[in-house]
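The next block holds one structure in the form of structure tokens; read it before the comments.
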Amino acid sequence: MTSSANIKRSEIRANIRAARRNISPEQQACFGQQACAHMLAQLEKLKVKRLALYLTNDGELDTQPLIEILWQNGIEVYLPRLHPFSRGNLLFLAYRPNTSLVQNSLKIWEPKLDITQMIQPHQLDVIITPLVAFDDVGNRMGMGGGFYDRTLVNWERMGSPLPIGYAHDCQQVDSLPCEYWDIPLPMIITPTKIWKF
């Protein structure tokens with residue numbers, strides 16, 4: 046990747062992260078509920094039984110309202126955790142109200158490692174992915190570690206899991222600089238819109 050593309054990606058990340066951090070707690074709560082309603086409608090259409098999502102961090106769209114309803118509806122919820130031996134990769138572990146969490150090296154909460162609670166990504170119906178920014182054609186920009194790009198590299202060939210982005214409206218940009226390893230998303234849900242690509 047050229048240095049100018051790297052600079053542009055860094056600028057986009059910095060600007061969008063600042064914008065979502067500036068959302069007030071009241072707006073965050075409201076946006077979390079609105080996006081949750083959109084997401085639940087899509088998950089019902091897809092007849093989802095098990096999905097992975099993330100715990101909110103750094104001004105991201107609040108996933109807690111969604112998690113609570115998924116638990117109430119008997120849908121199995123999984124969280125990502127950094128792979129202990131395979132750098133740059135994720136594991137997915139069951140997440141229930143009594144699951145013990147620990148903070149990882151990125152200061153993100155994740156389940157304690159327990160292989161009895163693990164699921165293979167292709168066994169999930171959906172992975173709700175965090176993102177920093179997205180564009181008008183479904184390109185996704187993450188934090189730059191490539192964790193979700195590696196996880197989702199074969200999703201179309203395997204037929205699962207379906208990746209769905211979850212973001213604030215302010216995270217949408219006209220166009221993102223992309224590389225061959227960036228995995229675009231077929232659907233992104235924001236508080237005001239369901240984007241399908």
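According to the numbering used here, the sequence shown is numbered sequentially starting from 46.
Ideal Cβ placement from N, Cα and C applies to all residues, glycine included.
As the structure is a prediction and not an experimental result, all values here were calculated from the model.
Pairwise C-alpha distance: residue 132 and residue 153: Cα to Cα, residue 153 sits roughly 16 Å from residue 132.
Boundaries of the beta strand (DSSP E) in which residue 232 is found, first to last residue: Where residue 232 is concerned, the enclosing beta strand (DSSP E) stretches over 232-234.
8 Å contact criterion, which residue 185 and residue 239 should meet: CB distance rounded: The C-beta separation of residue 185 from residue 239 comes to about 16 Å, leaving the pair out of contact by the 8 Å criterion.
Buried versus exposed, by CB contacts within 10 Å (16 or more), residue 213: Flag for residue 213 reads buried.
Cβ-based burial, residue 86 [other Cβ within 10 Å; buried from 16]: Under this definition residue 86 is an exposed residue.
Enclosing alpha helix (DSSP H) for residue 229 [first to last residue]: Element bounds for residue 229: n/a, residue is neither H nor E.
Cβ neighbour criterion (16 or more within 10 Å) applied to residue 105: Label assigned to residue 105: buried.
Spatial distance of residue 188 from residue 177 (CA atoms): Near 6 Å, if we compare the C-alpha coordinates of residue 177 and residue 188.
Span of the alpha helix (DSSP H), counted from its first residue to its last, around residue 109: Membership of residue 109 in the alpha helix (DSSP H) is indicated by the continuous run 109-117.
For residue 46, three-class secondary structure by DSSP: The predicted position of residue 46 is uncertain, since its pLDDT is 48 and thus under 50; no value can be drawn from it.
Helix, strand or coil at residue 142 according to DSSP, with G and I counted as helix: Of the three classes helix, strand and coil, the one that applies to residue 142 here is coil, per DSSP.
As assigned by DSSP and simplified to three states, the class of residue 165: Here residue 165 sits in coil by DSSP.
Pair within 9 Å by beta-carbon distance, residue 80 and residue 211: Contact: yes.
Residue 203 burial status per 10 Å Cβ neighbour count (16 or more: buried): It counts as exposed.
Burial state of residue 196, where buried means 16 or more other Cβ atoms lie within 10 Å: Answer is buried; the Cβ neighbour count reaches 16.
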